[in-house]
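Shown next, in structure tokens, is the structure this report addresses.
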Amino acid sequence: MERFGFAISKGRQIDYDANSRHIAGYISEREPSFRVCIECGCCAATCTTGNFTSFSLRELHILLKRGENESVRENIKKCMLCGKCTLVCPRGVNTRNVVTLARQAFQKFPADAV
Amino acid sequence: MEKHVVVIGGGVAGMEAAGHLQKSGFRVSLFEKEEKPGGHLNDWYKLFPDRRRSSEVKEYLDKITSEDGIKIITGSIIDKIVSDKNQFRISDKDGKEYSADAVIIATGFDLFKSERKEEYGYGIYDNVITSADLEKMFRSGSIELADGRIPETVGIVHCVGSRDEKVGNLYCSKLCCVTAVKQAIEIREHLPSSKVFCFYMDMRMGGAYYEELYREAQEEWGVNFIRGKVSEVSEAINNKLVIKSEDTLAGKPLKMQVDMLVLMAGMEMSEGGLKLSESSGLNKGNNRFFSPADHHFGSNKSNIKGIFYAGTCTMPMNITETISHARAAVSDVIDYLKDSKA
Amino acid sequence: MKIDGKKAIWKDYQKEIAEDKFYYVRSCVRQNFFPGSETAFLRIMRDILKKDVFEHPCHTTCTGIGYHSDIVPVETTMTVVARQFALMTESGYENLMPSCITSFGLYTEILDTWHHFPEVEEKIRKQLRKATGREFKSPKNLAHASDVIYKFRKEISAKAKYKLVNKNTGEPLKVVDHIGCHYAKMFPSKGVGGAEYPYVLAGMVEEWGGQVIDYPERRHCCGFGFRQYLVQANRGFSIACSKEKFESMKPFKPDMIITNCPGCPMFLDRWQYVINEMEGKTYGADGEGIPVFTYEEVAGLMLGFDPWDLGLQMHQTDCEPVLEKIGIEYDPAAKYVINGVNTKTNAKAYLTVN
Amino acid sequence: MQFDPFIIPFNIGLYFIVIYAVVRSVSWFGDLSRPDKLRLQRGFFGKAFGQSIKEIFLESLIHRKILKSNPRLGYMHMSLAFGWFLLILFGTIEADVFGAHHLNAPYKAIFFKFFNPEHGRMGFEAAFSFLMDLILAFILSGLVLAIIKRFSSRVVGIKKTTKLRVLDKIALTSLWLIFPSRLLAESFTSGAYGTGSFLTGSLGSILASFLPAQEMAYPFWWLYSLSLGTFFILLPLTRYMHIPTELFLIFARNSGIKTGDQPGAFREIQIYSCSSCGICIDACQLNFSAGITNIQSAYLMKGIRNNENVSDIAFNCLMCGRCDQKCPVGIELTPLRMLSRRAGETVENEQSIWQKYFPGRQVMLPVKPVSDPSYSWLKQEEPAKTDVIYFAGCMTHLTPAIKNSMITILEASGVRYNFLDEKGGVCCGRPLMLAGQDREARELINHNSQLIWKSGAHTIVTSCPICYKVFKESYYLDVEVLHHSQFIKNLIEEGSLKLNFLHRKVTYHTPCDLGRGSGVYNEPKDVLRHVARLLKSDFEDENSLCCGGSLGNMKISSRQKSMIAHDVATELTKGNPDILATSCPLCKKTLSAATTTRVADISEIVADAIVRTAIKKKLNEPVRKVKVAVDFHN
């Protein structure tokens, strides 16, 4: 191969049709409140973990829904399940269960996370 | 002698105003450009937020306008209003003249012509349709693609022709968000195996039970909401529509294929209203709707004494607001004619 | 696809294109990229269409590349452009016809800026006067060279020897039309057919017998992007853009690509080679590339010009498959022969001879 | 020799169940950990033995606890258990006294009437027959109640009854048939011979008047024997296994064995001791406030026994501990549920009959897949040296009034303290534990432990019962752990805090993790009595309710939570208190949303009551007075 001194950049576009939303499906089937999130960011604002790291439940939430699983897989482990987010959520999303189910799903279906 | 009031426009506002004028003891002439009154109500299937049939509201309006003392003149386009010593001479396109003691303008709105958002390909791609086209499909009972197949994925684009400097409309049409949510639910109802995606800039759910409907759409109907306006639409080789937007909440551009794309056409000042404003010296705002004499306490009054506005010719309104606005216009007419008598 | 809908839009975007007496300004880079194109263009205009096309020997770059690479300040650019206008005025011409899309976009942008901010125009006039003592009149008509070919597409068709038709099947060739970004994306009303569904190249293709294909990424940039290409480390972006387009057009099985910009044919052509080298991917039929042409080259081919006179041997992606499909007569052996010397096998001899 | 073939089914059943019970007990004993084995041995020769006999009599036979909480249900259980016991006891005596020999085989007592049809005509014999008829009538009355309960559970005062499986149904039918078939068999025999007392005698003579009693009796003796035999053989596969298991459980518990945090034999004993009586269902707020009726402890026990996937049940629980308090058998239901949570998702497993009789240890708890460590982002900091650490807890940060009140109290008390999580701290770890993630929780516990240790504090005060419980139980720290209610009580007793009496009526809600979870019932109430008038509610101490906001439940919706909270708030505000007091930020937040009555943490009430000595001092300062006057003039 010729050496050109650069590589073809990989797009960062969400290819919705190519992504697998199995993990999101797993969660929303077991925790229907997962669907009613409006991405207001209350959870991320009050988050105990977010106080120390760049962890944002809101962001992980939307990435799961779009099937951008790979960026969620490691991050979701940072949550301490303290439950503050559940208390502040204006839509009553059972955020602790969402996190727990997501972790469960990533363990159960490691292939989907890629 | 019985005073004569002319109402221009036989939609919701015009019919409501006519009915109330008649109840208040006036002789009323109601002019409608189409063959039958009802306006946009005739094209709509069900109404938000409770999804009652629009025909029920139409029946109510028909009932109140079927009284003696209301003359409905259909197929008549009013061209000009001339004020002449407490009297108004109203002439139509064919030169016919009518006189009145007061006038209520209820020329309503036109749906934004979605062809103007070229990047969405309305009129070019087979399966790009508007909210009004979708209502027609609901009325006919079948939601189909151009080739007769049943759509599996449907995209809905909010704010088509609203909040868009590029088409000259800075304002929010107010009703498209809730219409999108209503239609998303209805699509899911008609086609239970379908997936629906709403592309929105903001969810403006400011009416009674709108937010609840939004939640219902998420919770019970699994409608997907993606924050980001669709920037372009194209057709893939499988005849599916490729849409691009940014998922602003994920902070990434997004590409997906849908079978059908529904454009939530916004509201614009009607063409008839625009002509009337020019020919008769009625003031318009920057948004091209009629500009009422006062935004807070004179929203029915025009810049010409004796001419009043009712409904969406002044701004986007829902049916509830339109009916209230029409009744308020009647109350202004009563005050005006009482004063002019004295 | 409803073609009527497109026609309705094309009707809305009809621009005025001068009839004759053109003042031609060249592109900086095209003479290196596709050296036959501008020559062929002048030959078509002057010899075939019998038009008056004037070229001033003192004209320069418009500075577009420098401007878009954040190297040249806008006022400098405007002053250089003002000098171009002055040369045109001095030569007695009013219809400006740039060869380059970026120049066309830049001229359009400058004229629009002056329209909205006359004080800027005044300032530029002053600066030009101070620097060169020249005065100028703004062009009466500004049309890109491809607009002009579009305008005379029927005349060319009438004199054409070939059509964009597969001679074996009788089917029209499937053509991807790629419009340079600076053509109409900034000022949709200044492009034939507007920005969303430009008609300038589509009109030529249709007139000359081909069929335009509408693929999802048709609006996408070729990837030139100035800064993206000019810095080696950023070239990954540039090539990714081209790749995105190829991936998107591939299912439509295009026979060829036609372009109207200096950079686009360069990148669409060369990146096919690079992608093949890097990833082993090709996008045309039978593992071949998709031949890429400038509109002048296509017009020349239709008129029966010799492919090697048009400079098609300078393309990285071989053009022969298209020549074969159309049935153009050409001498494969003469591909690299100039003045009797095969420049490919014997470059040294060629260089010493010249 | 008295023998008849019909006794064979009974004999097979009886010897089977006796041998089975011995084998199973030995195997449980063998599975106990070494310390537990020692405990059991010590218990056998110590006080525990006597206690156990007493408890077995009171609870397994008389069903005292059920009688107390639900007399009708208690009577039903008592009549069957105690009645049967008496029937066996007096039957054996009868056979011994009136039979041909002493020390008879059990069947001779059970089928005494068959072998001695002439018995009971007069005198002492007749009196004994009367007694036996009375006991039978006692049992039958309970049986009637049991049958009614099965078809309409409200009659015995229980709202929900557990659902049955096929084997349970067969066992239940055979159980139901035992006493009616005995009644009919004895009645026919009595009818034929003109013996029997008020029940069997009367029924016998009526039946004999129109039926051939002599011929009819024999099949019913067969039926009686068959029902007994079937019941005994099926018993290990059904919930009636609780009858023998309970004896073992009572003895093990009295010997001091606890559930702990590892699955083992004691867990299994407890699971088999559940009789599915359904009292836990009645106690459960998810049942009576939120309408969730399939997750209560009885269902969890049943699910585990049947090797079902119980993870949905295990995680759908407030972990309030109300059922633990109510369980008549004294099963440690909440710790057992924690064990199931730790196991994660279990897999449903069909078992062979053999496996059902001898469930191996391997099918009891699968091992959860291990996840990577998740808290590598934790950064250790250097805390300031201090005497007392105040750890508000995550939830307290959402109730700033509690936080501010605690600061006021701490400042007023004059102790040297450090507000450890002032800018937000790392979670205490209990929420993770409640989610069954102990290993992960340990990382947070270690982090916080190091912080506390480095600060050199001797006392840690927390406002959150959730934190309190985990600090107390799972942090291996050599510091005194206090909930703020205890801390405030100490301050009051030491005299460090001078409080006014507020003329307010207060009802106190005991938080689950503080009350049932940690046994702190009185300190908060003592503090409240010091500053206000404390009203009594219907739900005090062990019987207190859960606010519904518990972090223990991973499954319920916010709507269901608020249903619970509304019911609780309605109950607790019945006495029209001015303040509904609690001592947990989560309870406060949950209850505030459910009532218009002011909901306050005890720290807020105490902070309101603090005598502001500082302010008084300032008023006494003459310089200050002048300045105030000048300001006033301006």
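For the protein sequence lines, the chains are A, B, C and D, in the order given.
So that you can map any letter, position 18 of the first sequence is 858 in the numbering used here, and since no number is skipped, the others follow by simple counting.
So that you can map any letter, position 321 of the second sequence is 324 in the numbering used here, and since no number is skipped, the others follow by simple counting.
So that you can map any letter, position 117 of the third sequence is 691 in the numbering used here, and since no number is skipped, the others follow by simple counting.
So that you can map any letter, position 32 of the fourth sequence is 47 in the numbering used here, and since no number is skipped, the others follow by simple counting.
All residues carry an ideal CB built from backbone N, CA and C; glycine is no exception.
These figures come from a predicted structure and were not determined experimentally.
Apart from the five residues just before and just after F235 of chain D, which ones in its own chain have a Cβ nearer than 7 Å to its Cβ? Answer for F235 of chain D: S196, L199, A200, F203, listed in chain order.
Using DSSP with H/G/I as helix, E/B as strand and the rest coil, what is P86 of chain D? helix
S40 of chain D to Y30 of chain D, Cα distance in whole Å? 15 Å
How is N331 of chain D classed by DSSP in three states: helix, strand or coil? coil
So, are the CB atoms of K243 of chain B and F202 of chain B less than 8 Å apart? no
Take H214 of chain B and list the residues in its own chain whose beta-carbon comes closer than 8 Å to its own, dropping the five residues that flank it on each side. According to the sequence as given, residue 214 of chain B is Glu; it is not His. Around E214 of chain B: M208.
When you compare the CB of A847 of chain A with every CB in chain C, is at least one pair closer than 8 Å? yes
Using only the alpha-carbon positions, how far apart do K540 of chain D and K924 of chain A sit? 27 Å
Cα-Cα, which of D:G564, D:C335, D:V546 is closest to L512 of chain D? Distances from the alpha-carbon of L512 of chain D to those of D:G564, D:C335, D:V546 put D:V546 closest.
Would you give the residue range spanned by the alpha helix (DSSP H) that L277 of chain B belongs to? 274 to 283
Residue-chain proximity (V60 of chain B, chain C), Cβ-Cβ < 8 Å: no
Can you look up G679 of chain C in the DSSP assignment and give me helix, strand or coil? Here G679 of chain C sits in helix by DSSP.
With 8 Å as the limit, tell me which residues of the segment 267 to 295 of chain B have their beta carbon closer than that to any beta carbon of chain A; keep them in chain order. none
Can you find the residues in the same chain that come closer than 7 Å, C-beta to C-beta, to A622 of chain D, ignoring five residues on each side of it along the sequence? Within the same chain, Cβ atoms closer than 7 Å to the Cβ of A622 of chain D are found at S420, T423, I424, the five residues on either side in sequence being excluded.
So, do the segment 53 to 60 of chain B and the segment 16 to 33 of chain B have three or more beta carbon pairs nearer to each other than 8 Å? Too few Cβ pairs lie closer than 8 Å, so no.
How would you call L118 of chain D, buried or exposed, if buried means at least 16 neighbouring beta carbons within 10 angstroms? exposed
The segment 348 to 367 of chain D contacting the segment 425 to 444 of chain D, beta-carbon criterion three pairs below 8 Å: no
Let me know if A592 of chain C comes out buried or exposed under the rule of 16 or more other beta-carbons within 10 Å of its beta-carbon. buried
Of the residues that make up the segment 239 to 270 of chain B, which ones have a beta carbon closer than 7 Å to any beta carbon in chain A? D250, L252, A253, K255, P256, L257, K258, M259, Q260
DSSP three-state label for F710 of chain C, please. coil
Using a Cβ-Cβ cutoff of 8 Å, what residues of the segment 901 to 915 of chain A are near chain B? List them in chain order. I902, L903, K905, R906, E908
To test your reading of the DSSP string, which unbroken alpha helix (DSSP H) runs of 4 or more residues are found completely within the segment 880 to 911 of chain C? 894 to 900
Inspect the beta-carbon positions of G254 of chain B and A109 of chain B and report whether they are closer than 8 Å. no
Are any of the Cβ atoms in chain D nearer than 8 Å to that of N937 of chain A? With respect to chain D, the C-beta atom of N937 of chain A has a partner C-beta closer than 8 Å.
Can you tell me where the alpha helix (DSSP H) with F281 of chain D in it begins and where it stops? 280 to 288
Determine the extent of the beta strand (DSSP E) in which M830 of chain C is found, giving its start and end residues. M830 of chain C -> beta strand (DSSP E) spans 830 to 833.
So which of C:W782, C:G783, C:G638, C:N715 has the shortest CA-CA distance to H756 of chain C? It is C:G638.
G440 of chain D to T251 of chain B, Cα distance in whole Å? Rounded to whole angstroms, G440 of chain D to T251 of chain B spans 31 Å at the Cα level.
Alpha carbon to alpha carbon, how far is D646 of chain D from E458 of chain D? Note that D646 of chain D scores a pLDDT of 43, beneath 50, so its modelled location is shaky; the value from the coordinates is reported in the next line. Cα-Cα distance, rounded: 57 Å.
Let me make sure I understand the geometry here. Which of C:D644, C:Q806, C:G768, C:I684 has the alpha-carbon closest to that of Q658 of chain C? C:I684
Using C-beta distances below 7 Å, list every residue in its chain close to P343 of chain D, excluding the 5 sequence neighbours before and after it, in chain order. Within the same chain, P343 of chain D has close Cβ partners E74, H78, K80, I81, C292, I294.
Outcome for A542 of chain C when other beta-carbon atoms lying within 10 angstroms are tallied against a minimum of 16: Outside the modelled stretch of chain C, which goes from 575 to 928, sits residue 542 of chain C, for which no answer is possible.
For P790 of chain C, go through chain B and note every residue whose CB falls closer than 8 Å to its CB, in chain order. S237, E238, A239, V245
Would DSSP call D453 of chain D helix, strand or coil? helix
Whose Cβ in chain A lies nearer than 7 Å to the Cβ of G225 of chain B? R875
In the DSSP assignment, find the unbroken alpha helix (DSSP H) run with G232 of chain B in it and report its ends. With the sequence shown as reference, residue 232 of chain B is identified as Lys, and Gly is not the correct amino acid for it. That residue, K232 of chain B, is in no alpha helix (DSSP H); it is neither H nor E in DSSP.
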